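Which chain is which? The protein sequence lines are A and B, in order.
Okay, so the first sequence: first residue is 0 according to numbering that gives the first Met the number 0, each after it adds one.
Okay, so the second sequence: first residue is 0 according to numbering that gives the first Met the number 0, each after it adds one.
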Amino acid sequence: MGLEEKLPSGIVLTSVEKVVNWSRKSSLWPATFGLACCAIEMMASGGPRYDLGRFGMEVFRPSPRQADLMIVAGRVSQKMAPVVRQIYDQMPEPKWVIAMGVCASSGGMFNNYAIVQGVDHIVPVDMYLPGCPPRPEMLMDAILKLHDKIMDEPLGANAKRRELPGYAPRELVASSQRFTKEGKKAHRQALVKELMR
Amino acid sequence: MSALDPVKGFGVTFGAMFKKVATEEYPEQVKAVAPRYHGRHVLNRHPDGLEKCIGCELCAWACPADAIYVEGADNTDDARYSPGERFAAVYQINYLRCIFCGLCIEACPTRSLTMTNEYELADDSRADLVFTKSDLLAPLLAGMEQPPHPMRLGETDTDYYVRAGRPAEEAS
């Protein structure tokens with residue numbers, strides 16, 4: 000990525016990594032990119048009833064240069080595949096991808112020669128979201144799980160931490176549990192424990 | 000045309016501040032979905048814990064997305080998982096293909112396969128989204144016993160499927 004990746008481990012501490020990750024996940028701007036019916040649900044998520052603005056991501060960027068998150072919403076045809084890849088390549092690092100809906104995740108019910116059988120044939124996918132189409136809550140759940148994953152991402156030399164014995168990535172928790180009073184408390188405690196290590 | 004017209008529009012904006020907010024606070028307050036919402040599947044059990052699934056593969060045949068994979072096997076007297084002859088030895092639903100249409104539910108002859116209202120399924124690996132029998136089976140409730148075990152509620156499978164595990168005189 001950038002300069003921050005080249006810093007020696009003595010300078011970039013775990014807490015700095017958390018601040019960087021927190022700022023990244025708190026304003027995750029998606030690219031305006033809809034391919035099929037899932038895009039309708041994606042638009043509904045941006046509207047007032049579900050309001051993605053609550054998570055700092057209501058601005059669907061019309062240009063991939065300003066986007067961090069690609070929500071592949073819908074079936075990707077073989078003809079569309081190079082376009083998807085180009086949009087992904089145009090996005091600046093760090094970037095994440097959500098495969099929204101079963102078609103983007105695996106081809107879904109379109110098991111034929113015209114549809115790419117899973118968008119992970121073209122771009123690396125961080126979160127698979129089943130559903131046909133997934134309701135806005137499901138999309139928000141996927142986004143919130145991705146937020147937790149971003150918070151766990153190592154920065155620069157800290158990546159070695161992942162090779163240590165006993166390291167396990169944090170488990171993904173369903174958002175309705177994760178954001179209850181108890182869930183938030185457990186999450187806070189896990190974070191403090193990690194920072195103290 | 001009156002002198003107030005240019006500022007009338009602001010009145011609409013101002014009035015909107017006192018309207019009820021339409022936004023649902025999703026992760027903190029989860030709104031209940033419709034009772035018959037098509038969510039994640041569940042494989043039901045008989046009241047004594049035996050599985051209702053008989054491994055007939057009708058759900059797999061009905062599935063338009065080919066998301067279901069079933070392998071049946073014979074029940075024996077030593078290892079009985081369901082009343083009757085057969086049970087599902089392998090049962091998988093690929094949630095990366097499933098479109099939640101509910102045709103499998105309609106096809107199921109024993110009401111073994113039904114759908115729950117659970118929908119938070121997003122995951123970061125394709126392998127974890129292929130749900131196996133252990134993920135799909137309903138939890139054991141009070142009075143249920145982990146199969147394999149012999150039939151507790153009757154002599155034959157008729158007692159289970161026709162009389163739902165109740166005594167013959169009560170059911171008729």
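Every residue, glycine too, gets a C-beta built ideally from N, C-alpha and C.
All values reported here derive from a predicted model rather than from experimental measurement.
Do you know offhand how far S171(B)'s Cα is from Y159(B)'s? For S171(B), the predicted model reports a pLDDT of 49, less than 50, meaning its position is unreliable; a value from the coordinates is still stated below. Rounded to the nearest angstrom, the two C-alpha atoms are 14 Å apart.
Backbone CA spacing between V55(B) and K132(B) [nearest angstrom]: First, the residue type needs correcting, since residue 55(B) is Cys and not Val in the sequence shown. Rounded to whole angstroms, C55(B) to K132(B) spans 15 Å at the Cα level.
Helix, strand or coil at H37(B) [DSSP, three-state]: coil
Can you list the residues of chain A that C52(B) reaches, using a CB-CB cut of under 9 Å? Simply none; closest approach about 22 Å.
Could you list the residues in the segment 31-42 of chain A with a C-beta less than 7 Å from some C-beta on chain B, going in chain order? none
Is any beta-carbon of chain B found at less than 7 Å from that of K144(A)? yes
So with CB distances below 8 Å, who are the chain E contacts of A64(B)? No chain E appears in the structure shown, which is made up of the protein chains A and B.
With the cut-off set at 7 Å, would you say M139(A) and G130(A) are in Cβ contact? no
How about A80(A) and V115(A): are their beta carbons less than 7 Å apart? yes
When you compare each of E181(A), D88(A), P133(A) and V101(A) to A43(A) by their alpha carbons, which one comes out closest? P133(A)
If we require 3 or more residues per run, which beta strand (DSSP E) segments fall completely within the segment 148-188 of chain A? none
Check the DSSP bridge columns for R85(B) and list the partner residues they point to. D73(B)
Compute the beta-carbon to beta-carbon distance between G48(B) and P146(B), rounded to the nearest angstrom, for a pair I have assumed lies under 8 Å. 6 Å
With a 10 Å radius around its C-beta and 16 neighbouring C-beta atoms as the bar for buried, classify G8(B) as buried or exposed. exposed
Once you ignore the five residues that flank D151(A) on each side, which residues in its own chain have a CB closer than 8 Å to its CB? N20, P168 and R169
Thinking C-beta only, is A38(A) closer than 7 Å to A66(A)? no
D140(A) touches chain B at which residues, Cβ-Cβ below 9 Å? Y25, P26, Y118, E119, L120 and A121
Using a Cβ cut-off of 7 Å (strictly closer), state whether Y80(B) contacts chain A. no
In terms of residues, what are the limits of the beta strand (DSSP E) holding M126(A)? M126 to L128
Could you tell me which chain A residues have their CB closer than 8 Å to the CB of V29(B), listed as they occur along the chain? E136 and S175
Given a threshold of 16 other Cβ atoms within 10 Å of its Cβ, counted over all protein chains shown, does T109(B) qualify as buried or as exposed? buried
Please decide whether P47(A) counts as near chain B, where near means a Cβ-Cβ distance under 7 Å. yes
My output table needs one value for L120(B): the three-state DSSP class, helix, strand or coil. coil
Listed by chain order, chain A residues near Y94(B) by CB distance under 7 Å: P129
Using the rule of at least 16 other Cβ atoms within 10 Å of the residue's Cβ for burial, across every protein chain shown, is S81(B) buried or exposed? buried
Express the C-alpha separation of E57(A) and S175(A) in angstroms, rounding to a whole number. 21 Å
In the DSSP assignment, find the alpha helix (DSSP H) that holds W95(A) and state where it starts and stops. Segment W95 to M99 is the beta strand (DSSP E) holding W95(A); no alpha helix (DSSP H) there.
Candidates C62(B), E50(B) and Y118(B), of which the one nearest D179(B) by Cα: The requested residue 179(B) is not part of the displayed model; chain B covers only 0 to 171.
Cβ neighbours of P61(A) in the same chain (closer than 6 Å, five flanking residues each side left out): T31
With a cut-off of 7 Å, does the C-beta of A61(B) fall near any C-beta of chain A? no
Roughly how far, in whole angstroms, is the beta-carbon of L57(B) from the beta-carbon of C97(B), given that I think they are within contact range, below 8 Å? No, L57(B) and C97(B) are not in contact; Cβ-Cβ is about 16 Å, not under 8 Å.
Neighbour list for F178(A) in chain B, Cβ cutoff strictly below 8 Å: P26 and E27
Using a C-beta to C-beta distance shorter than 8 Å, which residues of chain A count as neighbours of C97(B)? V101, P129 and C131
Using a Cβ-Cβ cut-off of 7 Å, state whether D50(A) counts as contacting chain B. yes
Is F178(A) near P26(B), with beta carbons less than 7 Å apart? yes
According to DSSP, residues forming a beta bridge with E50(B): R44(B)
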